[in-house]
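Colleague: Residue numbers (my numbering), protein chains in the order written: chain A, 1 to 433; chain B, 434 to 866; chain C, 867 to 1299. Structure provided below as structure tokens; questions to follow.
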Amino acid sequence: MKVSADVRAMIERRKKGHTLEAPFYASEEIHALDMDVIFRKHWIQVAVEPDVPEAGDYMTVELGNDSILIVRDDDMQIRAFHNVCRHRGARLCSSEKGSLGNIVCPYHSWTYNLNGDLMFAEHMGEQFDKCKHSLKKVHLENLAGLIFICLAETPPADFAVLRASMEPYLLPHGLANCKVAASIDIIEKGNWKLTMENNRECYHCVANHPELTISLYEYGFGYQRSADNEEAMAAFDKTVEERTKQWEAMNLPSKEIDRLADLVTGFRTQRLPLDRSGESQTMDAKVASTKLLGGFEQADLGGLSFWTQPNSWHHFMSDHIVSFSVIPLSAGETLVRTKWLVSKDAREGIDYNVDNLTAVWRATNDQDRALVEFSQLGVTSSAYEPGPYSPFTEGLVEKFCAWYIGRLEDYANTPDEAVVPSSHGEKVVSFKR
Amino acid sequence: MKVSADVRAMIERRKKGHTLEAPFYASEEIHALDMDVIFRKHWIQVAVEPDVPEAGDYMTVELGNDSILIVRDDDMQIRAFHNVCRHRGARLCSSEKGSLGNIVCPYHSWTYNLNGDLMFAEHMGEQFDKCKHSLKKVHLENLAGLIFICLAETPPADFAVLRASMEPYLLPHGLANCKVAASIDIIEKGNWKLTMENNRECYHCVANHPELTISLYEYGFGYQRSADNEEAMAAFDKTVEERTKQWEAMNLPSKEIDRLADLVTGFRTQRLPLDRSGESQTMDAKVASTKLLGGFEQADLGGLSFWTQPNSWHHFMSDHIVSFSVIPLSAGETLVRTKWLVSKDAREGIDYNVDNLTAVWRATNDQDRALVEFSQLGVTSSAYEPGPYSPFTEGLVEKFCAWYIGRLEDYANTPDEAVVPSSHGEKVVSFKR
Amino acid sequence: MKVSADVRAMIERRKKGHTLEAPFYASEEIHALDMDVIFRKHWIQVAVEPDVPEAGDYMTVELGNDSILIVRDDDMQIRAFHNVCRHRGARLCSSEKGSLGNIVCPYHSWTYNLNGDLMFAEHMGEQFDKCKHSLKKVHLENLAGLIFICLAETPPADFAVLRASMEPYLLPHGLANCKVAASIDIIEKGNWKLTMENNRECYHCVANHPELTISLYEYGFGYQRSADNEEAMAAFDKTVEERTKQWEAMNLPSKEIDRLADLVTGFRTQRLPLDRSGESQTMDAKVASTKLLGGFEQADLGGLSFWTQPNSWHHFMSDHIVSFSVIPLSAGETLVRTKWLVSKDAREGIDYNVDNLTAVWRATNDQDRALVEFSQLGVTSSAYEPGPYSPFTEGLVEKFCAWYIGRLEDYANTPDEAVVPSSHGEKVVSFKR
């Protein structure tokens, strides 16, 4: 879509180190631009491999007006298609999850196989060419069990960088051998970028997240040393250094990688110590599932956090994984989908208990929802003007905003405005700011 | 209203034999155009004579932002007015149905007679001219008991063609001597054209309508012979031929008339045999009301189907009539109003039972609603592109779309864009495709 | 905001003595203009002093997208601020009412004192200047206990005229020493101007308000003598004259002042006799609270009515006050907030009963809501055209419309369209019609 002069001007004048101007959070024009430029042209994390454990299992994901069908075929390959019949456009599968042999349209029974080929269409006559009416494919990548899709014709090539960096961190946790123990959707009445900004700092944690801060040190999430926290951060940094050494000796990569701002497919990771029992993000910081993941033999492996641009974050622990995917619904409404995964072999009520497993993040999500909603209400006020980020605690928020504005800027400056993200391999995006 | 260049281009490039482009189903601009060009300038079927059986009876019909008051005066004449007071614009009657002597505005008691003349307005002084403040009239035609209105200043003159063709078919069923035994409104979350397209083919019937296909042969609804159905259609055609001969011998016109595509006030009709007991569209194909209509003496008269452009269809049987009127509510929402009529003399619980009378179409409407909604979800996907209609089973869908596009095209090409449909008598509209 | 050519043309051609054209009641563009030109640049009545009786008490008021925090500081001064944190824009107070020591943002605990100064903000470093991040102030005037705010940078100066005229009328009723006995919000599905127009005439009272007309004479609300009411009005005028003389002898100013049309901050007032017992607007016209207001020693003081442009009206009686504030929610939705106030010393269940106190206006508001909604439904019809106001009973409605159109006209004709209402002191606005 076209970028209007007003939006171009707002992109140009964005004040570094400050929140965005109000229309970025509230205008339907910019929401449409976000859906087109960000959510239709980047790698979007939408599912986990255990969502479709068996051959023939499918799930549907709604992304803007698009419905995507993710299906595991008989060769156990996971594929993605547009969930749209090629006859009269009817939605093919309307459940969130299910299993099927072929994909049969409910309207006139046009039938596709799990590779998307049209196998059967009655009454169409001899002129009709079935080969020209296959389901439309969607790009899909499976990163150690995390499923990303991209709706662009040519997706950003730097997913390869993400894969090369992250597989060594993620694979030891064996996500592919997990099961989804719980999945909860909440809708936040706020723009998706407020949800992401809230995720990218822990400045708000102490005042708002009593359950989360049982196990989580706020310092690991983008804090810089300052007069306000000199001593506590020195102690924390020492702990991080010691534990990192231990974990890496166990072949568990743990050091920070921060590519949030310099890649199209931006990300950040670090394995961080947990407080108290140090085992898991639970109400007592102990494991929630006694069946450890991936053949681990000890529980105090801290939390491996993994953040992606534009829409996800994940915490991998010794006993369970929590995975968050953010999907904009409108300028002022955002879906936050949280999944808790435990070992496939863990037995509910014996090895783990869903209430205990989900307690911390159910509470935390609800607190964050309220904060995002307070922000949305405020930024649409006529009195709102961009405010300053803390240079010591909100650096990652700034990186998110800078990445976002950079992506819009690149799009707006592409001659025909039908930009294809073009960073290949290690090549770094040239951000103009 | 003005037709934008984008919409003109879409009208121009419409691909014959294919579904329409997505904006025709989803854009609010085209919805506004549909309301203006189609629903405010054509004859719209909105009621049946038994809705207002007695002198003083009224009903209100909502069509876009307009509320229309349909009232039967003391001379038993049925008239239509805009339901808007000429003082401060208040809505006059807010119930769906009722009865009245004069029309009194609830706000300041301005009082109109049933001819729409302002009779009384307090405090307006001597300068005030009551004659200039009559209710605004709306054109109304009563076709054998089916009520059509037209909001245009000069309505399409070819209603005369419709009347001349259809009265001989419809009058024998005596709709004016029926009563409304049941009326059910459903709202489909889909564009009104998807509702109409769904109505214009039975390709979807076998897979979706187990109740309807007890009595209904799919072949009668726009099927052409093809390799897929050669034998069954030959048998069906033979039955049609035999029954048509019998019915016409009884002075019941039965042969197909198809003017869907060549008239402004397009329509189609045919009396078709029913399956099994062959009497009525019920769960056992037997009459639902034992008091036959219009002095009929035998029950197996099949079903006389009558379809109109742009918004209605009706099935007239020996014992009851089912009448469907479609009203767009927004680009993505459509009201389907279904009325079941039986003889005025039929006694509920004795001669007929409402549950039995309505069973088939309650189920069928609900199934069609789901199909329309699947279609709406699909066509708004970015992956949707117009798909091919079956040349053997979806010919009437194509006729509906061609008529619709032709009407928009005529409007867009009228010099001052304030087009008045102009086909008189038998003169045929020149469609440009 | 810019005034489009279409809207300018509608402003220009407004027909005096007639209702407004439909877009003034239904278009979102004009709604945005109303919020900007009328509600953000004029004095808006939003609260009463007893809403925040104690030091530290606050209330929030939503006006369009703005949330305003009204707070009483430790020196008992009432102040207004934008309810928006200067950090990341979060809403500070989310309850309608409460009490606080400092204003603490829920997000990152930025802390402001009751004067709006930023006192504390962690992690912001030494470069950060707290003085530049105070809460944004909103203009506030307290007129004898009625709280008005203005969001403009420079509010209309003629509030001084209003104050000078009205304090002598209002102060004797001692609103500051009252308490809010009941507060009821209703949402009318109609444009705010229809709500105001309905308030500015009593032509509709006899047919619609059986409870209100127990105590209220319709004639006091903008009636002119005409053939229809010659005799009754003569009797009424005589009563008004007698009672006015008595009340003014008691130092209760009572004569009509009408500045509805000639001031930016337009208003009208008059103390009017009540019917029957003549004491109060109740179901028996007797006082609802036996603790009279402001040291009054007699109950039959009639009703002092006070109307303001653009959004309020109030009835001050010997025993209680009813105060109405109108806030647009969208082009077609309006909040009407009604407060009933009695003496601070009155005891519920002993000196007054809430059901009895509120009975008349609960019923009347509901009747008016229905009338406003009928009007909204009617004016959006394609058949609607501006109708004539009664010259004898709807003169104040015309004054409201003339004031409104005049305000838009002044704005549209201001060279840079960033008009500041400019009438100072007694200087009268030059309306162009």
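C-beta atoms are modelled at their ideal positions from N, C-alpha and C, and glycine is treated no differently.
Kindly list, in the order they appear in chain A, the residues whose Cβ is closer than 7 Å to that of residue 811 of chain B.
Modeller: For residue 811 of chain B, the chain A residues whose C-beta falls within less than 7 Å of its own C-beta are 84, 85, 89, 90, 91, listed in chain order.
Colleague: Residue 64 of chain A to residue 444 of chain B, Cα distance in whole Å?
Modeller: 26 Å
Colleague: With distances taken from CA atoms, which of C:885, C:1155, C:994, C:971 is nearest residue 207 of chain A?
Modeller: Minimum Cα-Cα distance from residue 207 of chain A among the listed residues C:885, C:1155, C:994, C:971 corresponds to C:971.
Colleague: For residue 1002 of chain C, decide whether its Cβ has a neighbour in chain A, counting only Cβ atoms nearer than 7 Å.
Modeller: yes
Colleague: Ignoring anything shorter than 3 residues or poking outside the stretch 971-1053 of chain C, list the beta strand (DSSP E) runs there in chain order.
Modeller: 984-986, 1003-1009, 1012-1016
Colleague: If I follow the unbroken beta strand (DSSP E) through residue 791 of chain B, where does it start and stop?
Modeller: Taken as a continuous stretch (DSSP letters only), residue 791 of chain B belongs to no beta strand (DSSP E), being part of the alpha helix (DSSP H) at 787-812.
Colleague: Assuming residue 946 of chain C and residue 1015 of chain C make a contact with CB atoms under 8 Å, what is their CB distance in whole Å?
Modeller: 5 Å
Colleague: Ignore the nearest five residues each way along the sequence and tell me which others in residue 352 of chain A's own chain have a CB closer than 6 Å to its CB.
Modeller: 288, 289, 342, 346
Colleague: What does a CB cutoff of less than 7 Å around residue 375 of chain A pick up in its chain, not counting 5 residues either side in sequence?
Modeller: These residues qualify, in order along the chain: 190, 194.
Colleague: Counting pairs of beta carbons, one from the stretch 802-817 of chain B and one from the stretch 446-463 of chain B, are three or more of them closer than 8 Å?
Modeller: yes
Colleague: For residue 74 of chain A, which residues in the same chain have their Cβ closer than 8 Å to its Cβ, ignoring the five residues on either side in sequence?
Modeller: 55, 56, 114
Colleague: Output yes if chain C places a C-beta closer than 7 Å to the C-beta of residue 60 of chain A; else output no.
Modeller: no
Colleague: Would a C-beta distance cut-off of 7 Å place residue 71 of chain A and residue 325 of chain A closer than the cut-off?
Modeller: In this structure, residue 71 of chain A keeps its C-beta atom at 7 Å or more from the C-beta atom of residue 325 of chain A.
Colleague: Taking 7 Å as the threshold (beta carbon to beta carbon), is residue 854 of chain B in contact with chain A?
Modeller: Caution is warranted here: a pLDDT of 43 is assigned to residue 854 of chain B, below 50, making its placement in the model unreliable, and the coordinate value is therefore given only provisionally. Not one chain A Cβ lies under 7 Å of residue 854 of chain B.
Colleague: By a C-beta neighbour count over all protein chains shown, 10 Å radius and 16 as the cutoff for buried, is residue 1 of chain A buried or exposed?
Modeller: exposed
Colleague: Can you tell which of B:685, B:464, B:621, B:525 has its C-alpha closest to the C-alpha of residue 750 of chain B?
Modeller: B:685
Colleague: Only counting the same chain, and skipping five residues up and downstream in sequence, which positions put a Cβ closer than 7 Å to that of residue 448 of chain B?
Modeller: When the five nearest sequence neighbours on each side are left out, the beta carbons in the same chain lying within less than 7 Å of the beta carbon of residue 448 of chain B are those of 819, in order along the chain.
Colleague: Use the C-beta contact count for residue 621 of chain B: other C-beta atoms within 10 angstroms, 16 or more gives buried, fewer gives exposed.
Modeller: buried
Colleague: Tell me, please, whether the CB atom of residue 890 of chain C is closer than 7 Å to any CB atom in chain B?
Modeller: Chain B contact via Cβ: absent.
Colleague: So who's on the other strand from residue 925 of chain C, going by DSSP bridges?
Modeller: Assignment of beta-bridge partners to residue 925 of chain C by DSSP yields C:936, C:963.
Colleague: Would you tell me roughly how many angstroms separate the C-alpha atoms of residue 156 of chain A and residue 986 of chain C, rounded to the nearest one?
Modeller: 44 Å
Colleague: Could you please give the first and the last residue of the uninterrupted beta strand (DSSP E) stretch that includes residue 1194 of chain C?
Modeller: 1186-1196
Colleague: Three-state secondary structure (DSSP) at residue 303 of chain A?
Modeller: strand
Colleague: For residue 878 of chain C, which three-state DSSP category applies?
Modeller: In the three-state DSSP reduction, residue 878 of chain C falls in the helix class (H, G or I).
Colleague: Counting C-beta neighbours from all protein chains within 10 Å, is the total for residue 728 of chain B 16 or more, i.e. buried, or is it exposed?
Modeller: exposed
Colleague: Can you tell me which of the three DSSP states residue 719 of chain B falls into?
Modeller: coil
Colleague: Could you spell out the range, first to last residue, of the beta strand (DSSP E) harbouring residue 1209 of chain C?
Modeller: 1199-1209
Colleague: According to the neighbour-count rule (16 or more other Cβ atoms, all chains shown, within 10 Å of its Cβ), is residue 1120 of chain C buried or exposed?
Modeller: buried
Colleague: Under a Cβ-count criterion, where at least 16 other Cβ atoms within 10 Å of its own Cβ denotes burial, should residue 570 of chain B be classed as buried or exposed?
Modeller: exposed
Colleague: For the stretch 698-712 of chain B and the stretch 756-772 of chain B, state whether three or more C-beta atom pairs, one from each stretch, are separated by less than 8 Å.
Modeller: no
Colleague: How long is the line joining the alpha carbons of residue 90 of chain A and residue 103 of chain A, rounded to whole angstroms?
Modeller: Taking the straight line joining both Cα atoms gives about 12 Å.
Colleague: For residue 607 of chain B, which residues of its own chain have a beta-carbon under 6 Å away from its beta-carbon, when the five flanking residues on both sides are left out?
Modeller: 726, 727
Colleague: Find the residues of chain A that neighbour residue 991 of chain C, judging by a C-beta separation of less than 7 Å, and give them in chain order.
Modeller: Taking a Cβ-Cβ cut-off of 7 Å, the neighbours of residue 991 of chain C in chain A comprise 226, 391, 392, given in sequence order.
Colleague: Would you say residue 1102 of chain C reaches chain B, if we count a Cβ-Cβ gap shorter than 7 Å as a contact?
Modeller: no
Colleague: Which residues of chain A have a Cβ atom closer than 7 Å to the Cβ of residue 817 of chain B, listed in chain order?
Modeller: 84, 89
Colleague: Name the DSSP beta bridge partners of residue 451 of chain B, please?
Modeller: According to DSSP, residue 451 of chain B bridges with B:821.
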